[in-house]
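> Mind looking over this structure? Questions follow.
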Amino acid sequence: MKRFWPVINTSIAAIAGFLTLLGYFIRNLKALKDFIVHGAVILAAFAILVGIANLFMVHLTKIRTRQEGNIYSFLLLTAMIVSLGFGLAFSMDPSGSNPDFMQGLFKSVIFPVETSLLALLAVTLLYASVRLLRTRTDWMSIVFLASAVIGLFTMVPLPFIGEIRILNGLRSFLMDYFVTAGARGILIGISLGVLTTGLRVLLGADRPFGGK
Amino acid sequence: MAEIRCPMCSKPNPEGQDTCQFCQARLTPLESSSPAGYQPGDEPTPKSTSELEPILPEWLRQARQEGKDSAEEFEELQAEEKPSKPKQTDRLARLKLEGTRKDNQEDIPDWLSDLRPEISRDEQIEETFEDAASANISEDESQFPTETPVIDGKLPGWLSSLADQGEEDQGNTIKTEGSLDWLNQAEDTPPQDSDQDFLSAYSEEAFTEETDSDEIPVATELPDWLGGQKEELELEETGPEGSTFQFTEDQPVASEGESSVPDWIQGSGETQDTPAAPFSTGAQNLEDFGSIDELPDWISSPETNLEGESPVPGVEGDSPAVSAELPDWLAAMKEEPAGEMPSTSAAPFQEMDTDAAGSPGEELPDWLSFTQDENENTPAPPATKTLQEMEPPPGPPGEEIPDWMSDLPVEPEPESGTTPLPGSEQSEPVPPAFAEAEPPSSEGGSLDDIFSVDVPDWLTGIDTDKQASPENKQEAGGQPAAEDLSPVNLPSWVQAMRPVESAIPDAKAEQAATADQFLEKEGPLAGLSGVLPAAPTGFSPSGKPKVHSIKIQADEGQRSHAALLDKILETETRPEPISSDSIRYTQRVLRWVIAGVMIFVLTIGLFSNGKSTPLPAIIDRSKEDTFFEIIDSLPNQGSVLLVTDYEAAYAGELEAIAEQVLEAAMFLKNIRITLISTYPTGPALGEKLIEKAEIIDLRDETVDLDYTSGNQYVNLGYIPGGLSGIHSFTSTTNMTEAFPVTSDGLTARETIPLQAVHGISDFTAIIVLTSSSDSAQLWIEQITPVRSTTPLLIIGSAQSEPVLLPYVNSGQVSGMINGLQGSSQRYRSKFWDAYCFGLLTATLLIVIGSIWNLIQAVQDRRKYIGVEE
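Right, dumping it as C-alpha cells:
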C-alpha cells in the first residue's frame, strides 16, 4: 500500500491538471475543467473548516495540559465560541439583524486591533531605519537608506514649500526605469517558476500530495 | 551472595567455584589467581603436585630426579652391600643421631626440606587414619598385654612358639605376599648384638602383626634352629660386611661358609641402615603432625635420614638399649584392617609413634617397627608368616628351602594370612594389614617380580603417592587432569623452592622472550605456554618503526581555505560585549521619542485641516488620469464589481483613497455595487466601506448614502480557494447560480445589482481594492481573459505600486491609483496634511538618525581597531 497510494495520487493530480489545462484550449472540455475547479474550491472551503478545528484543538490541548500562556488560548477559544454562537443565533433571527451585530463586532474589535498593529509597525520600521547604520554599517545599508529617503521625500510635496521638480523628476526616473524593470523581472521570474512547478506537478516530478 | 559470571557462557556461578558448573570453563584466570611472588619464609600453600610434574622447571625436576636417583641408589646399595652387623644399640644410637641431624635443617637437602610441607598437606587424610588407629590401639591395649616378659639370653617363649607354630601351620595361615614382604624386611634388618635384641626385632614385628590373635604361644626357650642361629649371629657381628642377602626362591639363604649367620638374618639388620627412599614420605608426615612433639627426635628422624642420606654405619653406638619386649601398641597397629588402611604407609607409622613414646626403655621402640614397616615396599605380612619365614632352613646351609618356606609364595589366600595371637579369644583370622596389595602371582613369578609388582605407589615416587591420596582423588574427580597442570596449582613445596624473581631476574624474561615458552594469559589457552607463536610468521622486529610526520599534508589552496575558516570562526566565536543597561535604556527612550514625535506630527496634521500642504503637481500621471476618466465614464446605475482584498490594518489607507472615489461615483451615478473578497475579513470591510460612504450635499452638509443590501449593493461574501476561487468566479456564466445566496441570506437572483449580471463581463467596471500586489496579480490574471471590454481598475496601497505598475504599463489594468497621493490628484483628503507631515518627519528622523549612528559606528570601529592594535 505504501507504493500504491502515491501512484494513485500522482495519477489523479496529473490527470486533473491535464484536463484543466486542456479545458483552456478545448471547448468541449471547459465544462469538465470548471467542474474540477469548483471541486477544488469546495475542498479549499472545507480546508478552512479543518484549519479552524485544528486551531481549536491545539489551544484546547494547551489549556488542558496547562502549558505556558494557556490564558491566551483560553481567550481565543472563548472568543471563537462566542462569535460562532452569536453568528449562528443571529443567523436564525428572522429580523435580519445578524449583519448589523456581526458588523458591529468586527468594527469594534478586529478593525481597531489590526490598525493599531500596523501603526506600531510604522513606528518600529522607522526606529529600525534609524538604527540600521549602527548595527550594520556597509554600503548596501547606505544605499538602502538613501533610496528610502529619496522615495519618501519625493512622494509628497513638502509642507509649505510644495514640490521640488528635481526631486519629482528623480522619482519618476527611478520609478519608470529601475523600479519597473525590477518589478518586471520579478514578475517574469514568478511566472516561469509557476510554469515550471505546474509542469513538474503534471509530470509527477513533484508530489506535494505525498509520495517520493 | 556474590556470583561469578562465566566469561564463556555468561551464566552465574556461586562464589568460590573455579570452573563453570554449566560449561566447565574456568571462572578465574589462571594467571590472576597465582600469587605475585613468594617470599622466603612464607608459609607454602598445599597444592596438588602430582600432575604438575611435566611442567616443573628443569632445575626442580632435576632436583627431584636426583632425589629419586638417590633413593634408587639406596635400593641398589641395599641389594649390593653386605648386610652390616652393627649392634642393636649402635644402630639405634645412629638412628637417634641421625634423627637429631634431621631436626637440623642444614643437613637436609633443600629439595627434601621443601618436600616436607607439601607432603604434610596430607594431614587431613592421615589424621583420619590416625584417629582410627588410635581407637583400635586403645581397644587392643585392653585385650593384649602391654609388656611381654623378656628373658635375657633366651628368646621369648611366644617367639619360639611362633616358630614352632609356623612350622606346623605353614601353608595354612601364611599369607603369601605378606611373608615375602616381611622376609624382605627381615633381610634388611641389621644384626643385633644379642639374641634378645635380635629376636625382639622380629618378635616385635611378629607381635605387631599378630595382635589380633592370642594364639601365639609364649616360649621360654629358643628352638634349636634358632638357637644355632643365635650363636652364628653373634659371630657374624664382627664379621666382614658387604655380603648381600638375596632372598629369592633361587637363593633363599646365605651360602654356606660365608657366614655362620644366615644372610636373611644379616639382612634384617641392614634394613635400618639402608632404608628405601620412599620412607622419607612417612617420616616427613610424622614430623608434620602435631604429635611429633611427643616423639623423641631419634624416633622420628631415622626415616628421613635413611632416605636422604647414605647410610653411615659407624655412627651408632650411643643409642640406649632397647628391650626386646613387644609393645602392645605395635600389635594394635597391626590389627588395623587392611581394607581401611590407606595406600600410603604413613598412618601405621604414626600409630606406632604415639605408643612408642610412652615406654621407650621397656618396649621395642616404634621407630624400629617403623623402619621395618617402611622397609617393606609391599604391605606387611602377617606376623605368623613372618616368624615362620624367619625360621632357618632345617637342614644345613645350602640345602633346599624348607617346605614351609617354599610354599610361602604359593599361598594365595589373603584371608589366611593372619594367625590368632596367643591369648586372643577370637579365632577369626585377621585381615592383612595391607589388603590392597595385590597378591603375587603364584605361577611362575619370581620374588623380585613380586616385589616389583607389589611395591606401593607411594614408594615408587611422590607423584604416584600423591595421586593415590584421597585428596588428589577428590581433585581429580572434580576437575580434569589437564587443569591441574596449570601454574596456579603449584605445590607448596614447589612454591617454596621457586627462586625469587629478584634473584634471577632474567629467568622470566628469557622465558617470555622465547616464542615457544610464551605463556598465554587469556582465553581458553590461559596457562599454557608455547601453544601459539609469539609473533606472526615473517615479522621481523629488527627494523625501526616507521616515523610518520605529524605535519599536515595540505597545499596552499587548502591552507588558505583553512585560514579563512579560522577567520570566520574567530568572528563567530568572538564574545560580544553585553549591552549595558544604559544602552538598553537609551534604545528604549529612542523608541518612545520616535513614537512621540510621529504622534505629535500626525496630530498636528490632522488638526491642520489639510491645507498646509499643497497637492502634488501632475507631471506624468497617466494611470491616475485613466482611472478617473473611467470612473467618470461609468454609466448611471451601472453595476460595478468591487473586490475588497485587504486586511483591516490597511483599511485606514485604502478607505481614505476609495471613499472619495466611491462617494463621487455613487453620488453622481447611483452605481450598483457587488461586493466580493478572497479575504475572510473582506466582506465585512466592504460593508464598512459602504456604510461609511457619505456625501457632502450642496449645502456642505454631510448626507449619508442610504445604500441597502439587495437594492444598491449586494455582498457575495468570501470566495475560498484563492486562485481557484477567483477562476471559478470569473469563469462563471451565471452568477446567480454560482452564488445563489448572498452573505446576508438574500437570494442572489432577487437582488437588484445581480439581475442584469450573468458573468464577469456583464459588470460595468471591476474595481479591486487591495493592499497586496499578489492579490492584485491574481485578479488581474484571472479577470483579463474573461473581462472583455470591462475596465479593470486598481485601488491599491502605496507599497503595491512598484509591482503593479508593469500591469498598468502593459494595458492589463485600465487604471490604478496607489496611496493617498494617488487619490489626491482629484480629491483632497482630510488626512493629506497629516500624511505629508508624517512622511516628512519620518524621512528627517531616518536621515538624522542614520547620520548619527553612522558616526557612532565609525567611532566604534576606530576604537575596536585601536584596541586590537
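Residue numbers (my numbering), protein chains in the order written: chain L, 25 to 236; chain B, 17 to 885.
For glycine and all other residues, C-beta sits at the position ideal for the given N, C-alpha and C.
Tell me whether glutamine 872 of chain B is buried or exposed, calling it buried when 16 or more other Cβ atoms sit within 10 Å of its Cβ.
Position 856 of the second sequence, counted from the start, is the residue given in the question as residue 872 of chain B. Exposed, because fewer than 16 other Cβ atoms sit within 10 Å of the Cβ of glutamine 872 of chain B.
> Smallest Cα separation from asparagine 727 of chain B: which of B:Ala850, B:Lys560, B:Gln815, B:Gln771?
By one-based count along the second sequence, residue 727 of chain B stands at place 711. Nearest C-alpha to asparagine 727 of chain B: B:Gln771.
> Compute the Euclidean distance between the alpha carbons of glycine 41 of chain L and leucine 226 of chain L, then round it to the nearest angstrom.
Locating residue 41 of chain L in the first sequence gives position 17, counting from the first residue. Locating residue 226 of chain L in the first sequence gives position 202, counting from the first residue. If I take the Cα positions, the gap works out to 6 Å.
> With 8 Å set as the bound, which would you pick, yes or no: does the beta-carbon of arginine 13 of chain B sit closer than that to a beta-carbon of chain L?
The first residue shown for chain B is 17 and the last is 885, placing residue 13 of chain B beyond what the model contains.
> In chain order, which continuous runs of the alpha helix (DSSP H) of length 4 or greater are located wholly inside the stretch 132-183 of chain L?
135-159, 163-177
> Between the stretch 588-611 of chain B and chain L, which residues of the former have a C-beta closer than 8 Å to a C-beta of the latter?
Gln603, Leu606, Arg607, Ile610, Ala611
> Of all the CB atoms in chain L, is at least one closer than 8 Å to the CB of proline 808 of chain B?
Locating residue 808 of chain B in the second sequence gives position 792, where the first residue counts as 1. Residue identity differs from the one stated: residue 808 of chain B is leucine in this sequence, not proline. Answer no: the Cβ-Cβ gap between leucine 808 of chain B and chain L never drops below 8 Å.
> Is DSSP giving glutamine 159 of chain B helix, strand or coil here?
Counted from its first residue, the second sequence places residue 159 of chain B at position 143. A caution first: glutamine 159 of chain B carries a pLDDT of 46, below 50, which makes its placement in the model unreliable, though a value can still be read off. The answer is helix: DSSP assigns glutamine 159 of chain B an H, G or I state.
> Pairing CB atoms from the stretch 648-661 of chain B with CB atoms from the stretch 773-783 of chain B, are three or more of them under 8 Å?
yes
> By how many angstroms is the C-alpha of isoleucine 768 of chain B removed from the C-alpha of tyrosine 662 of chain B?
Working through the second sequence from its first residue, we reach residue 662 of chain B at position 646. Working through the second sequence from its first residue, we reach residue 768 of chain B at position 752. Each residue's Cα considered, the two are about 26 Å apart.
> Report the neighbours of histidine 743 of chain B on chain L: residues whose CB is nearer than 8 Å to its CB, in chain order.
Walking along the second sequence from the start, residue 743 of chain B turns up at place 727. Correct list: Val61.
> If you count every other CB in all the chains shown that lies within 10 Å of the CB of leucine 169 of chain L, and 16 or more means buried, which is it?
Reading the first sequence from its first residue, position 145 is the one you call residue 169 of chain L. Buried: at least 16 other Cβ atoms inside 10 Å.
> Count the CB pairs spanning the stretch 134-148 of chain L and the stretch 666-681 of chain B that are closer than 8 Å, and state whether there are at least three.
yes
> For the stretch 65-84 of chain L, which residues have a CB atom closer than 7 Å to at least one CB atom of chain B, in sequence order?
Of all residues in the stretch 65-84 of chain L, only Val65, Ala68, Ala69, Ile72 come within less than 7 Å of chain B when Cβ atoms are compared, listed by chain position.
> Which residue's Cα is closest to the Cα of methionine 24 of chain B: B:Gly32, B:Ser740, B:Thr44?
Working through the second sequence from its first residue, we reach residue 24 of chain B at position 8. The option with the nearest alpha carbon to methionine 24 of chain B is B:Thr44.
> Can you pull the chain B residues whose beta carbon is under 7 Å from the beta carbon of arginine 88 of chain L, in chain order?
Working through the first sequence from its first residue, we reach residue 88 of chain L at position 64. Neighbours of arginine 88 of chain L on chain B: none; closest Cβ ~28 Å, over 7 Å.
> Going by beta carbon distance, what residues of the same chain come within less than 7 Å of glutamine 262 of chain B, once the five residues before and after it are set aside?
Locating residue 262 of chain B in the second sequence gives position 246, where the first residue counts as 1. Model confidence at glutamine 262 of chain B stands at a pLDDT of 43, short of 50, so the residue's coordinates are unreliable and nothing is read from them.
> Give me, in chain order, the residues of the same chain whose beta-carbon lies closer than 6 Å to that of tyrosine 823 of chain B; leave out the 5 immediate sequence neighbours on both sides.
Position 807 of the second sequence, counted from the start, is the residue given in the question as residue 823 of chain B. These residues qualify, in order along the chain: Ile796, Val829.
> Excluding the five sequence neighbours on either side, which residues of its own chain have a C-beta within less than 6 Å of the C-beta of leucine 762 of chain B, listed in chain order?
Mapped onto the second sequence, residue 762 of chain B falls at position 746. Correct list, in chain order: Gly726.
> Taking all protein chains shown into account, do 16 or more other C-beta atoms lie within 10 angstroms of the C-beta of threonine 34 of chain L, making it buried, or fewer, making it exposed?
The residue labelled residue 34 of chain L in the question sits at position 10 within the first sequence. By the Cβ-count criterion, threonine 34 of chain L is buried, with 16 or more other Cβ atoms from all chains shown falling within 10 Å of its own Cβ.
> Once you ignore the five residues that flank alanine 578 of chain B on each side, which residues in its own chain have a CB closer than 8 Å to its CB?
Residue 578 of chain B sits at position 562 when you count from the first residue of the second sequence. The residues are Ala570.
> Which of the three DSSP states, helix, strand or coil, is assigned to glutamate 193 of chain B?
As a working note, residue 193 of chain B is residue 177 in the second sequence. Here the model assigns glutamate 193 of chain B a pLDDT of 43, short of 50, so the residue's position is not dependable and the matter cannot be decided.
> Are the CB atoms of phenylalanine 125 of chain L and phenylalanine 135 of chain L nearer to each other than 8 Å?
Looking up residue 125 of chain L in the first sequence gives position 101. Looking up residue 135 of chain L in the first sequence gives position 111. Taking 8 Å as the Cβ cut-off, phenylalanine 125 of chain L and phenylalanine 135 of chain L do not qualify as a contacting pair.
> Per DSSP, which residues does glycine 186 of chain L bridge with? Please list them.
For the purposes of this step, residue 186 of chain L is taken as the residue at position 162 of the first sequence. Glycine 186 of chain L is bridged to L:Leu182.
> If you compare alpha carbons, which of B:Gly741, B:Ser624, B:Ile811 is closest to alanine 68 of chain L?
Locating residue 68 of chain L in the first sequence gives position 44, counting from the first residue. Scanning B:Gly741, B:Ser624, B:Ile811 for the CA closest to the CA of alanine 68 of chain L turns up B:Gly741.
> Against serine 788 of chain B, what residues of chain L qualify as contacts under a CB-to-CB distance less than 9 Å, listed in chain order?
Numbered from 1 along the second sequence, position 772 holds the residue referred to as residue 788 of chain B. By Cβ distance, chain L contributes nothing, its closest Cβ being about 13 Å from serine 788 of chain B, past 9 Å.
> Tell me, please, which residues DSSP counts as bridged to isoleucine 689 of chain B.
Taking the second sequence and counting its residues from 1, one reaches residue 689 of chain B at position 673. Bridge partners of isoleucine 689 of chain B: B:Val656, B:Tyr729.
> For threonine 800 of chain B, which residues in the same chain have their Cβ closer than 8 Å to its Cβ, ignoring the five residues on either side in sequence?
Looking up residue 800 of chain B in the second sequence gives position 784. Leu808, Gln828, listed in sequence order.
> Does DSSP put arginine 1 of chain B in a helix, in a strand, or in coil?
Not covered by the structure: residue 1 of chain B. The range shown for chain B is 17 to 885.
> Using a C-beta cutoff of 8 Å, does phenylalanine 853 of chain B count as contacting chain L?
Here residue 853 of chain B refers to the residue found at position 837 when the second sequence is read from its first residue. Using a Cβ-Cβ cut-off of 8 Å, phenylalanine 853 of chain B counts as an interface residue toward chain L, since at least one Cβ of chain L sits closer than that to its own.
> Helix, strand or coil for proline 73 of chain B, going by three-state DSSP, please let me know.
Along the second sequence, one-based indexing puts residue 73 of chain B at 57. The answer is coil: DSSP assigns proline 73 of chain B none of H, G, I, E or B.
> Find the residues of chain B that neighbour phenylalanine 239 of chain L, judging by a C-beta separation of less than 9 Å, and give them in chain order.
There is simply no residue 239 of chain L to check, as chain L begins at 25 and stops at 236 in what is shown.
> For the stretch 680-705 of chain B, list every residue whose C-beta sits within 7 Å of some C-beta in chain L, in sequence order.
Along the stretch 680-705 of chain B, going in chain order, the ones with a CB nearer than 7 Å to a CB of chain L are Thr697, Ala700, Glu703, Lys704.
> Round the Cβ separation of phenylalanine 616 of chain B and isoleucine 692 of chain B to the nearest angstrom and send it over; I've been treating them as touching at under 8 Å.
Walking along the second sequence from the start, residue 616 of chain B turns up at place 600. Walking along the second sequence from the start, residue 692 of chain B turns up at place 676. Not quite, the Cβ-Cβ distance comes to about 40 Å (not below 8 Å), so this is no contact.
> Give the range of the beta strand (DSSP E) segment to which glutamate 586 of chain B is assigned.
Mapped onto the second sequence, residue 586 of chain B falls at position 570. Here glutamate 586 of chain B belongs to no beta strand (DSSP E); instead the alpha helix (DSSP H) covers 572-589.
> Contact defined as beta carbons within less than 8 Å: I believe isoleucine 87 of chain L pairs with phenylalanine 80 of chain L. What is the distance between those atoms, to the nearest angstrom?
Residue 87 of chain L sits at position 63 when you count from the first residue of the first sequence. Residue 80 of chain L sits at position 56 when you count from the first residue of the first sequence. That pair is no contact at about 11 Å.
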